[in-house]
Each structure stands twice: as C-alpha cells, then as structure tokens.
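Each remark here refers to the structure printed beneath this line.
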Amino acid sequence: MKRFEVYKNIRKRAVIMGLPISLFALMMMSVIGSLLFVIFSFSFMVVISVVIWNVMLFVALTELSKNPALLHFKKVFPKTISNKKQSHLYYE
Numbered sequence: 001m002k003r004f005e006v007y008k009n010i011r012k013r014a015v016i017m018g019l020p021i022s023l024f025a026l027m028m029m030s031v032i033g034s035l036l037f038v039i040f041s042f043s044f045m046v047v048i049s050v051v052i053w054n055v056m057l058f059v060a061l062t063e064l065s066k067n068p069a070l071l072h073f074k075k076v077f078p079k080t081i082s083n084k085k086q087s088h089l090y091y092e
C-alpha cells in the first residue's frame, strides 16, 4: 500500500489560467477596470485598445511568472555590514 505525504503548502504554487493567485488578481482588476472604461466611453477604438491592453498584460504576466528573475534588481546581501547610522540627521 502506498503512503502519501500531506502537502500543506498548496497555496504557494496554486495557479489560475497559468498565473499565480496574486498576478491573477491583478489581471482581473485590469479586466474589470477595462470593462468600466468601455461602458462609460463606448467607441470602437476604445474596445480594440482595451482588448490589446489586456492581451499584452496577460502575456507580460505569464512571462513574469515563468521567469521571476526578470524583476530581481536588488542584491540580497549588502557588500558590507556595519552598525553605523544610515541617517545624517542629528536627533540629540
């Protein structure tokens, strides 16, 4: 008989439509905002631009979720570690 381990961290890797939950929420906020924009200013060019915007955002978010190192700008560890105050203000 097989034994299975309990996987408690299932929410860390949960995906909806290929996006993590936080990026999916951002995508849905964009879709809802786009729908409101179309409703209040209806024209054919607005509809086309909103569709293009949402497709480009979805492609960008899927590429970001596949390669999360694209937004990694800062180093994790500093070059030097010291107890020196970072602020030049004198409080005393």
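Residue numbers for the sequence shown follow my numbering, beginning at 1 and rising by one.
Every residue gets a Cβ at the ideal spot worked out from N, C-alpha and C, and that includes glycine.
(message) I'd like to confirm the pairing. Which residues does DSSP put opposite Ile-20 in its beta bridges?
(response) Before going further, note that residue 20 is Pro rather than Ile in the sequence given. Answer is Val-15, bridged to Pro-20.
(message) Taking its Cβ as the centre, do 16 or more other Cβ atoms sit within 10 Å of Met-28, making it buried, or is it exposed?
(response) exposed
(request) Spatial neighbours of Val-46 within its chain, please: CB distance less than 8 Å, with the 5 preceding and 5 following residues excluded, ordered by chain position. (result) Phe-37, Val-38
(message) Would Ser-34 and Trp-53 qualify as a contact pair, given that the criterion is a beta-carbon distance under 8 Å?
(response) Yes; because the gap between Cβ atoms is below 8 Å, this pair is in contact.
(request) Whole angstroms is fine: what's the gap from Asn-83's alpha carbon to Phe-77's? (result) Taking the straight line joining both Cα atoms gives about 15 Å.
(message) Using 8 Å for Cβ pairs, my map puts Leu-57 next to Ser-22. What's the rounded Cβ distance?
(response) That pair is no contact at about 14 Å.
(request) Report yes if the CB atom of Phe-24 is closer than 8 Å to the CB atom of Ile-32, and no otherwise. (result) no
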